[in-house]
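Heads up, the sequence shown is in our numbering, so the first residue is -4 and it goes up one at a time.
One structure below.
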Amino acid sequence: QVQLVESGGGLVQAGGSLRLSCAASGRTFSTYVMNWFRQAPGKEREFVAGINRAGTTYYADSVKGRFTISRANAKNTMYLQMNSLKPEDTAVYYCAAGGWVREADTWGQGTQVTVSS
């Protein structure tokens, strides 16, 4: 089973940018559909973006046009480029792997993103 480790979170001002990375162990990374989810304090975890095996991308309406998901199978790594960040993007961001977009059965530990106004 793949293991996932996120990095790249931090504190940024509104309008700024961050790039999250998700490093995966194992040789089967390319066979997984990869997703990013987030959970803000007091709220349920929500889907942010997904990328399937063919590289087709999917986004939540709230981040469309601002976030870009990508994957580098040769590096066993997935990315989330986040631009034009808003305070409402503040959350713990989780990398997740599975068989479908918006679903996952393996999760990373999460990385905190805080956007100040």
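Built from N, CA and C at the ideal position, the CB exists for glycine as well.
What you are looking at is a predicted structure, and each value in this text was computed from that prediction instead of being measured.
Between the options, which has its C-alpha nearest residue i's C-alpha?
i	options	result
R97	R22, G21, Y53, A9	Y53
A69	T106, V0, S20	S20
S57	G37, A99, L80, T101	L80
S111	G4, K59, Q8	Q8
G60	A44, Q107, A67	A44
A99	V28, P82, A35	V28
W95	N47, Y89, V0	N47
W102	G5, R66, R40, T85	R40
Quick check: what's the CA-CA separation for residue i versus residue j?
i	j	result
A55	A91	15 Å
N30	F42	8 Å
F62	Q(-4)	28 Å
S114	G37	A question about residue 114 goes unanswered here, because the residues of the chain that appear run from -4 up to 112.
Q104	P82	22 Å
A49	A35	30 Å
V87	L13	13 Å
T85	A67	26 Å
L6	T106	11 Å
Where does the unbroken beta strand (DSSP E) through residue i begin, and where does it stop?
i	result
L15	13 to 19
G5	5 to 8
L(-1)	-1 to 2
A137	Residue 137 is absent from the structure shown; the chain starts at -4 and stops at 112.
T106	106 to 111
F42	41 to 46
Quick check: the stretch 20 to 30 against the stretch 63 to 83, are there 3 or more CB pairs under 8 Å? Touching, yes, given that three or more Cβ pairs across the two stretches are closer than 8 Å.
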